[in-house]
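In case it helps, our numbering puts the sequence shown at residues 487 to 767.
Beta carbons are placed, not taken as given, at the ideal position from N, Cα and C, and that holds for glycine.
The model shown is predicted, which means the values in this text are computed figures rather than measured ones.
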Amino acid sequence: MTDRRTGGAAHDARTASRPSRGRDARRDRALHRFLTDSTPVVSGGRAILLQIADPVVATGVRRHSDFARRPQQRLVHTLMYVYAVVVGTPEDAALAASFVDRAHRPVAGADEVDRQLWVAATLYDSAIRTHRLLGTTIDDDRAEAVLRAYAPLATALRVPEERWPTSVAAFETYWATALAGLRVTEDARGVVRDLLHPRLAPLWVRSAMPLVRIVTVGLLPAPLRAQYGFAWGPREQRRFRRAVAALRTVRALLPAPLLRLPSPLLLRAMRRTAERHRSPR
């Protein structure tokens, strides 16, 4: 079957990647622990800022999202999508893909393959780089396995399978080219103002924003930080290093089940949302 919007094979969103059942079951379990870790919560802001540095994505987000009133909504929805497609059930993956599809319908250009590929790529790159920053050792085999596990984030968005990089080296080549073509617009800057300086968010969200801002901005590639106009010098770099050190300490002290708690909580929230939409009014 061919998807009329992409010209590629239509993807069954219920078929999400799972850690392979290979000869070394212990590596499978280790990969699953890696994929269910809470690191995407830390890296999600970076991914969003990278995504909206594409002008088409920025226009869609700015004009079709309620960022001013609910700036944390896109981050929550992004995390739901990642966990549902990468580690959820096939039903979770299909549900998450349907939510994204519904949100994209009124947005011109949202279903373009290049846009969707870029969005998925930011999620993989942000997860890998943030894991390493927080002290996770990632060898070449692990990076390749995570790249394969993240492929459905693209194909569930109707990116043809052959467009997802088949190796980390191929991904890095794609990434460097894509970064060079980014352009931060006023739409993107407006989204960032609402996201990083939320005036109407709950108090607990606003209280956490100084930490969120320094980590999110510090994780960005330097040229993109400059395009956004973020001030960044020795003082900000010191604050960033202190914030990362604090996060590393917290991660080392927290029990493993707590580090993986966001995944089941977000999946349950997504399922409850779907049930409310199905219930007769």
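Pair within 7 Å by beta-carbon distance, residue i and residue j
i: P646; j: V571; result: no
i: L603; j: A640; result: yes
i: T522; j: V573; result: yes
i: T659; j: A544; result: no
i: P748; j: V527; result: yes
i: R549; j: V677; result: no
i: L752; j: L565; result: yes
i: W654; j: E630; result: Per the sequence presented here, residue 654 reads as Val, with Trp not at that position. Yes.
i: L744; j: A539; result: no
i: T608; j: A533; result: yes
i: S529; j: A635; result: no
i: G546; j: T702; result: no
i: R699; j: L682; result: yes
i: V691; j: Q559; result: no
i: H590; j: D600; result: no
i: A642; j: A583; result: yes
Secondary structure of residue i, DSSP reduced to three states
i: L643; result: coil
i: V691; result: helix
i: A732; result: helix
i: P720; result: helix
i: H763; result: helix
i: D540; result: coil
i: P741; result: coil
i: P576; result: helix
i: H683; result: coil
i: G676; result: helix
i: V670; result: coil
i: S524; result: coil
i: Q558; result: coil
i: D587; result: helix
i: L747; result: coil
i: P707; result: coil
i: G530; result: helix
i: D597; result: coil
i: G546; result: helix
i: R512; result: Low per-residue confidence applies at R512: pLDDT is 42, beneath 50, and the placement is therefore not dependable, though the value from the model is reported in the following sentence. Here R512 sits in helix by DSSP.
i: R757; result: helix
i: L752; result: helix
Proximity test, residue i beta-carbon vs the ligand ATP heavy atom, cut-off 6 Å
i: L581; result: With respect to the ligand ATP, the structure shown offers nothing to examine, as it has no ligands at all.
Query raised in the report: In the region 599-664, which residue ranges form an unbroken alpha helix (DSSP H) of at least 4 residues, counting only runs that do not cross its ends?
Result: List check, alpha helix (DSSP H) in window: 599-619 and 626-641.
Report task. Pair every Cβ in the region 721-729 with every Cβ in the region 755-764, then say whether three or more of these pairs are closer than 8 Å. Result -> no
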